[in-house]
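Undergrad:
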Amino acid sequence: MTRPKPISGFPEWMPPQRTIEQYVVDRIRNTFELYGFAPLETRAVEPLDQLLRKGETSKEVYVLRRLQAEEGATDDDSLGLHFDLTVPFARFVLENAGKLQFPFRRYQIQKVWRGERPQEGRYREFLQADIDVVDRDTLPFHYEAEMPLVVADALGGLPIPPIRIQVNNRKVCEGFYRGVGIGDPEAALRAVDKLDKIGPDRVAELLVETAGATQAQAKAALALAEISATDASFADAVRALGVEDPLLDEGLAELVRVVETANEVAPGLVIADLKIARGLDYYTGTVYETQLRGYERFGSICSGGRYDNLASTGTERFPGVGISIGVSRMLGLLFGHDALTISRSVPTCVLVAVPTEDDRPACDRTARALRSRGVPTEVAPTAAKYGKQIKYAERRGIPYVWFPGEPDTVKDIRSGEQVEADAATWQPPAEDLRPVVSGA
RNA sequence: GUGGCUGUAGCUCAGUUGGCAGAGCACCGGGUUGUGGUCCCGGGUGUCGAGGGUUCAAAUCCCUUCAGUCACCCCA
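Using UniProt numbering, read the first sequence as starting at 1 and increasing by one per residue.
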C-alpha cells in the first residue's frame with residue numbers, strides 16, 4: 001500500500017491552521033453582517049457557457065463530468081466549478097430577481113476552483129469571502145466607496161499586517177485613453193497593469209506594440225499610470241496632463257470621492273493608484289486591489305470592482321459592486337512566513353485526569369459539568385500515570401488539568417499553580433476559554 | 001499550460017570519486033508504585049518523494065513521474 005500523497009494546488013491545513021482560518025472567517029462574517037450583508041451560498045457548479053460568458057480563460061475552469069458520461073454528450077449542458085463568487089451571484093440575481101429586494105446586499109464565503117499552476121498563496125481550490133451590492137437599473141455610486149471600509153473593518157481586527165487598498169476607476173483610464181486617441185483601451189490597460197513588474201520602458205513598448213499607441217500616446221498613458229496619491233491630489237496631477245474627456249472627468253470625481261470617504265474613516269487605508277487595472281472585462285468603474293504591508297511582492301489578497309453589465313437579461317440590468325477577500329491566499333502567505341500562531345492545537349481548555357478506569361464515570365460527569373457551562377473539556381484517554389496525563393495536555397497546549405479528589409483540584413500547567421475547584425462553578429479566565437490567535 | 005530550482009527521520013539538515021543511511025532538536029521507554037517540565041540511562045522511529053534504467057553495487061549517475069517553490073501565462 002502506497003502512502004497517499006497531496007494533490008498539487010489542493011492544500012489541506014492541519015488543525016491549528018484550520019482553527020486560525022475559522023477564526024478569521026468568523027471575524028469576516030461577523031463584520032459583513034454588521035454592515036447588513038445577508039448570507040448566501042450558491043451551488044458549486046454553473047453551466048459552462050455561463051462561466052465562459054466573459055473572457056476566454058476557459059482553460060482554467062474545472063469541468064464536471066460523470067465517469068460514465070454518454071459518448072455523444074454535448075458541451076452545451078456540461079457543468080463547471082465556479083472560479084469566483086461574482087459570476088454565480090450575478091446568475092443568482094437574474095434567476096431570482098423577482099424574489100429579491102433591491103438594492104440587494106449579500107455576502108458569500110465559499111470555496112472556488114481555478115486550474116492555475118500553484119505556488120505559495122496561490123491554489124487550485126481556495127476560499128474566498130465576497131460582498132456585493134446590486135441594484136435594479138442603476139446603482140448609487142456611494143457603494144463603491146463603502147467596499148474598502150467594510151474590508152478594512154473585517155481585516156483590521158485581526159492580528160495580521162495592516163492592509164492598503166489600491167483603487168482606480170475604469171472611467172479615468174478609458175476616458176483618458178479616448179482623450180489622447182489610443183485605439184485599444186483594453187490592451188492599454190493590460191500593458192499599464194504590468195508597470196510594477198516590467199518597468200516603464202517595456203510598458204511603453206507594449207503600448208505601442210499591442211495597443212496601437214503612438215510614442216506620444218504611450219508616453220501620456222505611462223504618465224497617467226505613474227500617478228498615485230493617498231489624497232485627492234492625484235486628480236490635479238491627472239488634469240495637469242492636459243487631457244480633456246467627459247468620462248475622464250466623471251471617473252476622477254468618483255475616485256476622489258472613494259479616496260476622501262476612506263480618508264475620513266481610515267486615513268492611509270486607500271491609495272489612488274492609476275495603474276491598477278484588474279481583469280480585462282466587466283469592470284466599469286472603481287476597481288480595488290489590496291496589499292498586505294510587508295507582503296507587497298506576493299500581490300493582491302483582496303480585489304473587486306464595479307460592474308454594470310454582468311447581470312443583465314437584455315431588458316433588465318442589475319449593476320453591482322463587490323470585493324472579495326482571498327482568505328486562503330492571505331492565510332497561505334502568512335502561514336508561510338510563520339506570521340500567525342495559535343495558543344494551542346486543540347479547542348480543549350481542560351483535561352480531566354483519570355486516576356483509574358473505575359473513576360472514569362465520575363470523570364465524565366466532571367467533564368459534562370464543565371461543558372455545560374461552556375468550558376471545552378476532554379477526559380484523559382487512559383488512566384496512565386499523572387505525569388503522562390499532564391504530558392498529554394502539555395503536548396497539545398491544553399492549559400488546565402483537572403484532578404479528581406477530595407476535593408477536586410485544577411492545575412494551570414503553565415504556571416504549575418494548583419487550586420481546589422468545584423466543577424459546578426469553576427471558570428477559567430476568559431482568555432483561556434478558547435485558543436488565542438496572534439501574530440508571530 | 002511553459003521553463004528553472006528543490007525533495008534524505010516528526011523538524012532543520014549532513015552524507016566524499018557510486019561501497020552497510022547519519023547528526024542536532026523533537027519523540028518513545030525506563031530511572032520515578034501515579035503531578036509533567038531539569039537531570040541520568042536506553043531506543044532511529046526511514047520505501048533517501050515514487051517508478052524504471054545503468055552497475056557486482058545507486059540517497060549518489062540517466063529517464064519518467066509526483067509534490068513543493070520561483071519566474072512566465074493568467075488573475076473573471
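Where is the CB? At the ideal position from N, CA and C, for every residue including glycine. Every value quoted in this text rests on a predicted model; they were computed, and no experiment measured them.
Under a Cβ-count criterion, where at least 16 other Cβ atoms within 10 Å of its own Cβ denotes burial, should Ser8 be classed as buried or exposed?
TA: The residue is exposed, with fewer than 16 neighbouring Cβ atoms inside 10 Å.
Undergrad: Please go through the segment 290–335 and give each complete alpha helix (DSSP H) segment of 4 or more residues, from N-terminal end onward.
TA: The segment 290–335 contains no whole alpha helix (DSSP H) run of 4 or more residues.
Undergrad: How many Å lie between Pro435 and Val259 at the Cα?
TA: Straight-line Cα distance between these residues: approximately 37 Å.
Undergrad: Please name the residue, chosen from Ala362, Lys391, Glu417, Trp402, that lies closest to Pro376 on a Cα-to-Cα basis.
TA: Comparing Cα-Cα distances from Pro376 to each of Ala362, Lys391, Glu417, Trp402, the minimum goes to Trp402.
Undergrad: Assuming Val321 and Val133 are in contact, meaning their beta carbons sit under 8 Å apart, how far apart are those beta carbons, in whole angstroms?
TA: Indeed, because the Cβ distance is near 6 Å, the residues count as touching under 8 Å.
Undergrad: Which residue's Cα is closest to the Cα of Val238: Arg344, Lys275, Thr425?
TA: The shortest Cα separation from Val238 among Arg344, Lys275, Thr425 belongs to Lys275.
Undergrad: Going residue by residue through the segment 119–157, where are the continuous beta strand (DSSP E) segments of at least 3 residues, counting only ones entirely within it?
TA: Segments of the beta strand (DSSP E) lying fully in the segment 119–157: 125–134.
Undergrad: Per DSSP, Ser438 is paired with what?
TA: According to DSSP, which records beta bridges pairwise, Ser438 is partnered with Thr341.
Undergrad: Counting only the same chain and skipping the five closest in sequence on each side, list residues whose C-beta sits under 6 Å from that of Arg360.
TA: Excluding residues within five positions, the ones whose Cβ falls inside 6 Å are Val354.
Undergrad: By how many angstroms is the C-alpha of Pro15 removed from the C-alpha of Ala187?
TA: Rounded to whole angstroms, Ala187 to Pro15 spans 45 Å at the Cα level.
Undergrad: Alpha carbon to alpha carbon, what distance is there between Arg164 and Gly268?
TA: When rounded, the distance between both Cα atoms is 7 Å.
Undergrad: Can you look up Ala367 in the DSSP assignment and give me helix, strand or coil?
TA: In the structure shown, Ala367 sits in a helix (DSSP, three-state: H, G or I).
Undergrad: Please work out which residues of its chain come closer than 8 Å, Cβ to Cβ, to Asp338, disregarding the five sequence neighbours upstream and downstream, and give them in chain order.
TA: Contacts found: Ala440.
Undergrad: Drop a sphere of 10 angstroms on the beta-carbon of Gln217, count the other beta-carbons inside from all chains shown, and report buried for 16 or more, exposed for fewer.
TA: Gln217 should be labelled buried.
Undergrad: With DSSP run on the structure shown, which of helix, strand or coil describes Ile271?
TA: Note: Ile271 maps to strand in three-state DSSP.
Undergrad: Report yes or no: do the segment 38–52 and the segment 135–148 share at least 3 C-beta pairs separated by less than 8 Å?
TA: With a cut-off of 8 Å, the segment 135–148 and the segment 38–52 do not count as touching, because too few Cβ pairs lie within range.
Undergrad: In chain order, what residues of the same chain lie with their CB nearer than 8 Å to the CB of Asp84, ignoring the 5 residues before and after it?
TA: Taken in chain order, the residues that qualify are Val112, Gln128, Asp130, Ser324.
Undergrad: Note down, in chain order, each residue of its chain lying with its Cβ closer than 7 Å to the Cβ of Ile227, except the 5 sequence neighbours on either side.
TA: Only Phe234, Ala237, Val238, Leu274 meet the Cβ criterion.
Undergrad: Please classify Thr86 as buried or exposed, where buried requires at least 16 neighbouring CB atoms within 10 angstroms.
TA: Looking at its Cβ environment, which holds 16 or more other Cβ atoms inside 10 Å, Thr86 is buried.
Undergrad: Look up Arg373 in the DSSP assignment and give the residues it is bridged to.
TA: DSSP, once it has assigned bridges, lists no residue as partnering Arg373.
Undergrad: Please go through the same chain and pick out, in chain order, the residues whose beta-carbon is closer than 7 Å to the beta-carbon of Val419, but skip the five residues on each side of it.
TA: Contacts found: Thr409, Val410.
Undergrad: Please list the segments of the alpha helix (DSSP H) lying wholly inside the segment 225–284, counting only runs of 4 or more residues, in order along the chain.
TA: For the segment 225–284, whole alpha helix (DSSP H) runs of length 4 or above, ordered along the chain, are 233–239, 246–265.
Undergrad: Would you mind stating whether Gly121 and Gly332 have Cβ atoms separated by less than 8 Å?
TA: For Gly121 and Gly332, yes; Cβs fall inside 8 Å.
Undergrad: Is it the case that the segment 344–353 contacts the segment 163–180, given that we only count it when at least three CB pairs across the two stretches are under 8 Å?
TA: They do not touch, by the three-pair rule.
Undergrad: DSSP has Asn30 in a bridge; who is on the other side?
TA: Asn30 pairs with nothing; no bridge assigned.
Undergrad: Identify, in the order they occur along the chain, each residue of the same chain with its Cβ nearer than 7 Å to the Cβ of Trp426, setting aside the five sequence neighbours on each side.
TA: Taken in chain order, the residues that qualify are Val410.
Undergrad: So the beta strand (DSSP E) Gln418 belongs to, where does it begin and stop?
TA: First-last of the beta strand (DSSP E) with Gln418: 418–420.
Undergrad: Name the two residues that bound the continuous alpha helix (DSSP H) containing Pro428.
TA: Per DSSP, Pro428 belongs to no alpha helix (DSSP H) and is neither H nor E.
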